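One structure below.
Number of protein chains: 2
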Amino acid sequence: MRSWWGWGNEEDALSGVELDTLIRRASAALPGVVFTGHQPPAVADLDLAPPRVSPPAALAALCSTTPLDRASHTHGKALRDVLRNLHGELADAPDVVARPRDERDLVDLLDWCTTAGHAVIPYGGGSSVVGGIEPRVTGYPAVVTVDLGRLNQVLEVDPTSRAANIQAGVYGPHLEEQLRPHGLTLRHFPQSFEFSTVGGWLATRAGGHFATLATHIDDLVESMRVLTPVGVSESRRLPGSGAGPSPDRLFLGSEGILGVITQAWLRLRPRPRWRVGTSVHFADYTAAVSATRTIAQSGLYPSNCRLLDAGEAYLNAGVSVGGGVLVLGFESADHPVDEPMRQAVEVARDHGGTVPDPPQRGSDDAVRAWRASFLRMPYQRDALARHGMLVDTFETACTWDRFGDLHAAITETANRAIRSVAGVGLLTCRFTHVYPDGPAPYYGVYAPGRWGGMIAQWDEIKAAVSETINAHGATITHHHAVGRDHRPWYDRQRPDPFAMALTAAKRALDPAGVLNPGVLLPQG
Amino acid sequence: MRSWWGWGNEEDALSGVELDTLIRRASAALPGVVFTGHQPPAVADLDLAPPRVSPPAALAALCSTTPLDRASHTHGKALRDVLRNLHGELADAPDVVARPRDERDLVDLLDWCTTAGHAVIPYGGGSSVVGGIEPRVTGYPAVVTVDLGRLNQVLEVDPTSRAANIQAGVYGPHLEEQLRPHGLTLRHFPQSFEFSTVGGWLATRAGGHFATLATHIDDLVESMRVLTPVGVSESRRLPGSGAGPSPDRLFLGSEGILGVITQAWLRLRPRPRWRVGTSVHFADYTAAVSATRTIAQSGLYPSNCRLLDAGEAYLNAGVSVGGGVLVLGFESADHPVDEPMRQAVEVARDHGGTVPDPPQRGSDDAVRAWRASFLRMPYQRDALARHGMLVDTFETACTWDRFGDLHAAITETANRAIRSVAGVGLLTCRFTHVYPDGPAPYYGVYAPGRWGGMIAQWDEIKAAVSETINAHGATITHHHAVGRDHRPWYDRQRPDPFAMALTAAKRALDPAGVLNPGVLLPQG
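Residue numbers (the working numbering), protein chains in the order written: chain D, 37 to 560; chain E, 37 to 560.
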């Protein structure tokens with residue numbers, strides 16, 4: 037049973053010993069802070085405004101106006117979303133949640149909404165952390181959230197080219213389940229994997245499993261099929277093309293404002309047969325960053341190359357070391373990978389890294405601890421949030437030459453904001469992806485909150501770090517998208533002529549202006 | 037001295053023994069065909085229409101209307117361009133050739149043209165083979181070709197992130213010359229390397245040196261600066277970003293219709309210290325294709341993985357073998373590459389390939405012969421064209437599952453068209469790039485022409501194969517761009533809603549409609 041208010045499944049939420057342990061650890065880390073558990077309200081008690089519209093009879097069977105459906109489609113899964121749910125603040129619930137069974141249904145739904153002028157919010161797994169699927173729109177008679185969850189089939193597999201035609205509404209595990217009999221995998225594992233969809237990944241340019249090489253979903257796209265209000269846009273399946281600007285790249289990251297992605301041919305690979313992982317400890321963070329950069333620029337292409345700073349290593353991998361831990365992994369379906377691992381470890385050692393044990397095949401404790409923790413993090417976040425802890429993340433990317441200054445500035449800004457709003461707290465950093473020309477650092481914030489005022493507390497921290505990111509020429513998001521929450525900084529980041537082009541493109545494809553208003557571009 | 041009518045430098049054109057040998061070989065291959073050499077007309081005899089406009093006084097110093105400048109900026113470098121030049125057919129010469137010294141000049145030039153309604157053709161090296169820089173426009177009072185050649189500096193190098201800010205008008209060799217003192221290289225070597233520019237590569241999504249991994253110039257872009265009639269669009273230097281659709285990807289491949297690219301931060305790498313190359317011979321082409329596909333999907337990432345079919349191997353590498361030659365290479369600045377080469381050769385052997393000699397470091401004769409031939413090909417093409425030979429190329433890309441059928445259909449169509457227009461001739465094929473999900477095959481046509489009728493002959497062949505490419509769902513171009521010549525097939529390839537979006541974007545950025553009219557989109 038999916039949680040309407042928090043991450044994932046209700047039955048997987050922290051409870052019992054796991055919950056007690058987490059709260060005990062948090063208490064130990066924040067002496068003097070009192071943790072009080074709060075329960076989410078019952079859906080029946082939410083007192084949602086009545087839906088402002090009834091779907092036409094022909095579409096009624098696709099549409100739901102139950103409080104549970106409306107409540108669970110109101111917010112994404114950021115801290116501020118969970119907090120508003122916990123506080124019963126659901127003023128912007130969609131009027132209708134529609135679940136098309138096929139593209140024909142989707143055409144009918146779009147026709148209804150464009151004719152009536154209802155805002156349409158394309159909805160995948162709802163794991164947005166940037167207000168991307170939130171009906172925070174004004175000036176529309178109603179808001180219809182279109183949940184693509186029924187379009188969940190792998191339609192065709194091409195084993196020769198290693199690609200599959202996949203419907204947009206399929207969730208990660210169900211996708212992999214359908215690919216498994218073919219011996220293939222997309223191997224795209226964002227943290228949200230279990231609760232996000234292919235269409236969502238495409239619409240938001242999700243970042244995936246691999247720390248190096250093709251990892252943004254963008255690079256896995258052979259072709260896309262997008263239903264726009266003016267017709268279907270379907271690109272050809274091509275391994276590469278130079279015929280004009282890429283049509284797919286216009287829709288990748290378009291976050292539902294240009295059309296609804298219904299299918300895509302994505303590039304697959306066989307499951308890895310050879311895997312090796314290890315972790316390297318550093319006494320000095322600057323040396324650890326240098327080592328990571330050198331490996332990222334080496335052409336060795338590790339599948340995992342995630343540098344955890346000291347706080348991240350301690351909190352999530354149980355390792356206490358001053359300069360952080362570099363988690364390294366190599367994998368291949370074709371050939372052994374011991375040699376590149378040996379070379380990467382040699383680079384790390386050249387920079388002062390130490391390997392606690394000799395590299396072992398997939399058996400490194402720190403790696404395993406971190407990976408297990410990775411998937412539990414969102415559930416832990418919810419548990420802590422329910423107990424009044426500010427726990428959330430922000431992320432960016434920058435070139436290597438700027439990372440030192442940016443990281444220092446973010447650390448300073450975030451710590452100042454944390455002190456200002458919470459008195460004490462912790463900031464952690466890890467690299468989720470590394471490129472030859474720069475890392476994608478990902479920050480975690482842990483601080484005690486004031487129940488009832490936590491959203492304002494978080495917003496103050498988030499705004500402060502976003503200003504710093506912007507001022508240092510970094511991106512407001514490497515893989516969390518823009519949505520509604522990142523707009524103030526995105527508006528300063530994207531070139532003005534590009535915004536003019538995107539606005540014109542939106543007007544051409546969505547003349548009624550009904551698609552996800554307020555995302556990426558100003559409403560109306 | 038650049039040739040106004042043909043490829044490259046006048047002094048590098050084939051002559052003497054090299055020319056005699058080539059013609060003798062062609063005669064031997066086509067017994068009974070008489071080869072008569074034709075000379076290009078003198079520029080003074082071209083009788084160009086007088087320029088229809090005089091530049092304003094303030095811009096006069098940047099502008100040229102000399103017959104040589106106008107003639108050399110009239111056509112690209114396709115066979116049909118060279119033939120029209122040889123026949124003195126330059127009806128569409130630009131009225132003015134402008135050479136801005138900096139962005140300020142460029143702004144002034146654009147202001148003049150948008151105000152007066154003159155068509156503007158952004159011009160890099162002029163090596164287009166698709167009519168991309170050809171003033172084939174109607175309804176404009178004049179055409180001004182803007183040659184970016186003076187914007188030729190590397191403005192800044194970031195050795196830490198390995199990137200450089202490069203002006204768009206710099207040619208390949210001059211770029212590498214400026215990067216060399218920094219120990220870095222772009223390592224982007226299209227066949228046109230010597231006579232094409234960074235801006236041209238970006239505007240046309242050029243394909244580069246590497247057979248696998250990042251090779252399209254698209255993937256080497258950190259940020260771009262584009263001067264549009266409504267303002268400057270400059271993206272941030274980022275190693276990766278998920279903030280909305282990529283602004284750069286809209287301008288990459290825009291072929292001058294949205295703005296003029298003036299600078300870009302591009303990703304660099306150190307020069308390779310380890311290199312190894314070899315060639316593998318195949319008795320059977322299907323087995324050779326399978327071997328190539330398996331290597332492309334292996335994750336070994338050869339720098340070179342070019343399958344030459346029997347005709348290509350014979351003509352350009354001097355190797356006689358029934359199933360073709362797979363040219364393999366690995367390179368790295370960081371570590372030895374013998375092991376991946378050993379593994380790739382093992383794959384090739386598993387598919388029936390034989391290695392004439394054991395792999396040797398960069399000393400393989402067939403590889404060297406082919407590489408030397410590669411750079412002489414355009415000069416040879418000109419020499420043969422002057423002697424009445426139809427010699428040109430076309431290229432595409434498709435997924436592996438479709439390659440067999442596509443290749444068979446192209447072979448049949450091309451051979452039928454060659455027989456129809458020329459009686460006899462030869463079709464060759466090589467893969468210029470290979471992706472895990474498909475190859476980019478590149479075809480060469482060699483046939484005797486009828487002097488005076490060769491353009492019509494070539495156009496018949498080209499139209500026939502383009503129809504076949506289109507019918508098989510392949511792309512009309514992998515790395516030669518669309519220009520004006522590929523429009524009929526591009527128009528059927530790109531999704532209609534994308535064309536609507538691109539049209540709207542163009543109207544927003546180029547409201548006067550002066551930028552490269554007729555390229556990618558219909559005029560007006």
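Built from N, CA and C at the ideal position, the CB exists for glycine as well.
Owing to the predicted nature of the structure, the values given are computational and were not obtained by experimental measurement.
With a cut-off of 8 Å, does the C-beta of residue i fall near any C-beta of chain D?
i	result
residue 99/E	no
residue 476/E	yes
residue 473/E	yes
residue 51/E	no
residue 264/E	yes
residue 556/E	yes
residue 544/E	yes
Can you list, in chain order, the residues of its chain with a C-beta nearer than 6 Å to that of residue i? Leave out the 5 residues immediately preceding and following it.
i	result
residue 237/D	253
residue 139/E	298
residue 396/D	At residue 396/D, the pLDDT of 48 sits below 50, so the modelled position is not reliable and the matter cannot be decided from this model.
residue 511/D	432 and 433
At the level of alpha carbons, what is the spacing between residue i and residue j?
i	j	result
residue 488/D	residue 420/D	15 Å
residue 399/D	residue 407/D	Any reading at residue 399/D must be qualified, since the residue scores a pLDDT of 46, below 50, and its modelled position is unreliable; no value is offered.
residue 119/E	residue 531/E	34 Å
residue 357/E	residue 160/E	40 Å
residue 287/E	residue 158/E	13 Å
residue 506/D	residue 149/E	36 Å
residue 275/E	residue 442/D	14 Å
residue 480/E	residue 465/E	6 Å
residue 309/D	residue 473/E	20 Å
residue 447/E	residue 497/E	11 Å
residue 165/E	residue 521/E	8 Å
residue 42/D	residue 304/E	44 Å
residue 289/E	residue 83/D	52 Å
residue 334/E	residue 179/E	50 Å
residue 47/E	residue 37/E	7 Å
residue 265/E	residue 103/D	51 Å
residue 370/E	residue 374/D	17 Å
residue 509/E	residue 235/E	29 Å
residue 293/E	residue 551/E	5 Å
residue 431/D	residue 263/E	31 Å
Throw me the rounded Cβ distance for the residue i and residue j pair, which I believe falls under 8 Å.
i	j	result
residue 208/E	residue 229/E	4 Å
residue 325/E	residue 439/E	7 Å
residue 414/E	residue 227/E	7 Å
residue 183/D	residue 132/D	No, residue 183/D and residue 132/D are not in contact; Cβ-Cβ is about 10 Å, not under 8 Å.
I'd like to know if residue i contacts chain E, where contact means its C-beta is closer than 8 Å to some C-beta of that chain.
i	result
residue 397/D	With a pLDDT of 45 at residue 397/D, under the threshold of 50, the predicted position of this residue should be treated as unreliable, though the coordinate-derived value follows. Cβ-Cβ to chain E under 8 Å: no for residue 397/D.
residue 241/D	yes
residue 298/D	no
residue 70/D	no
residue 36/D	There is no way to answer for residue 36/D, as the model of chain D reaches only from 37 to 560.
residue 536/D	yes
residue 494/D	no
residue 63/D	no
residue 503/D	no
Just to confirm my understanding: we take residue i, look at its own chain, exclude 5 residues before and 5 after, and list those with CB closer than 8 Å. What are they?
i	result
residue 320/D	358, 359 and 388
Within its chain, find whatever has a CB closer than 7 Å to the CB of residue i; leave out the 5 residues flanking it on each side and keep chain order.
i	result
residue 250/D	256
residue 499/D	none
residue 422/E	73, 74 and 122
residue 494/E	115, 116, 426 and 428
Residues of the region 171-199 of chain E with Cβ closer than 7 Å to any Cβ of chain D, in chain order: Within the region 171-199 of chain E, the residues whose Cβ lies closer than 7 Å to some Cβ of chain D are 194, 196, 197, 198 and 199, listed in chain order.
Please list the residues of the region 514-533 of chain E that have a C-beta atom closer than 9 Å to any C-beta atom in chain D, keeping them in chain order. Only 514, 515, 516, 517, 518, 522, 525, 526, 529, 530, 531, 532 and 533 from the region 514-533 of chain E bring a Cβ to less than 9 Å from some Cβ of chain D.
Taking a cut of 9 Å between CB atoms, which residues from the region 442-465 of chain E lie near chain D? Answer set for the region 442-465 of chain E: empty.
For the region 309-324 of chain D, list every residue whose C-beta sits within 9 Å of some C-beta in chain E, in sequence order. Taking 9 Å as the Cβ-Cβ cut-off against chain E, none of the residues of the region 309-324 of chain D qualify.
Give, in chain order, every residue of the region 337-369 of chain D whose Cβ lies closer than 8 Å to some Cβ of chain E. Answer in chain order: 337, 368 and 369.
Using a Cβ-Cβ cutoff of 8 Å, what residues of the region 137-167 of chain D are near chain E? List them in chain order. Listed in sequence order: no entries.
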